[in-house]
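Asker: Below is the structure I would like to discuss, written out as structure tokens.
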Amino acid sequence: MNCLFEEKQKFTQWWIWILLLLPVIFALSNESSNSNIGVLILIIILLLFYLFELRVKVNEEGIHYQFFPFHFHLYSIKKDEIEKIE
């Protein structure tokens, strides 16, 4: 099976990471005991954004995609199910 196209996308824009880090920095600067749970939740969200990856492969059979970590295997759209490709 010959791969015609393959692409992987991640959140690598610096401005997204600044927006995601600002609440963590704010929560860490706050010395409230309630902020520990909030910081933990924010760190988990940061970890998820770090792990997010969209993987797309196109071959003669169709389009195959995976959005990790929500999809643990490739999902496929068969060639005959596609109406139009541009």
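Oh and the sequence shown: position 20 is 1178 in this note's numbering, straight run, nothing missing.
In this text, a Cβ means the ideal position worked out from N, Cα and C, and glycines have one as well.
Here the structure is a predicted model, which is why all the values come from computation and not from measurement.
(1) Where do the ends of the beta strand (DSSP E) carrying Leu1178 lie?
(2) Among the candidates His1229, Leu1198, Asn1194 and Glu1218, whose CA atom is the shortest distance from the CA of Phe1210?
(3) When you compare each of Ser1187, Val1216, Leu1206 and Leu1198 to Glu1165 by their alpha carbons, which one comes out closest?
(4) Does DSSP put Asn1124 in a helix, in a strand, or in coil?
(5) Quick one: measure Cβ to Cβ for Lys1236 and Glu1218, integer angstroms, because I've assumed they're closer than 8 Å.
(6) From this set, Ala1185, Tyr1233 and Tyr1208, which residue's C-alpha is nearest Gly1196's C-alpha?
(7) Do Phe1169 and Phe1207 have their beta-carbon atoms positioned less than 8 Å apart in this structure?
(8) When DSSP labels each residue in this structure, what does Glu1165 get in the three-state scheme?
Answerer: Quick answer:
(1) Residue numbering aside, residue 1178 sits at position 20 when the sequence shown is read from its first letter. Premise fails: Leu1178 lies in the alpha helix (DSSP H), Trp1172 to Ser1187, not in any beta strand (DSSP E).
(2) Walking along the sequence shown from the start, residue 1210 turns up at place 52. Residue His1229 is the option with its Cα nearest to Phe1210.
(3) Working through the sequence shown from its first residue, we reach residue 1165 at position 7. That would be Val1216, whose Cα lies nearest to the Cα of Glu1165.
(4) Any answer about residue 1124 is impossible in this case: the structure gives the chain only from 1159 up to 1244.
(5) Here the question's residue 1236 lines up with position 78 in the sequence shown. Here the question's residue 1218 lines up with position 60 in the sequence shown. No, Lys1236 and Glu1218 are not in contact; Cβ-Cβ is about 11 Å, not under 8 Å.
(6) Walking along the sequence shown from the start, residue 1196 turns up at place 38. It is Ala1185 whose Cα lies nearest to the Cα of Gly1196.
(7) Start at 1 with the first residue of the sequence shown, and residue 1207 comes out as number 49. Start at 1 with the first residue of the sequence shown, and residue 1169 comes out as number 11. In this structure, Phe1169 lies closer than 8 Å to Phe1207 by Cβ.
(8) Locating residue 1165 in the sequence shown gives position 7, where the first residue counts as 1. In this structure, Glu1165 counts as strand in the three-state DSSP scheme.
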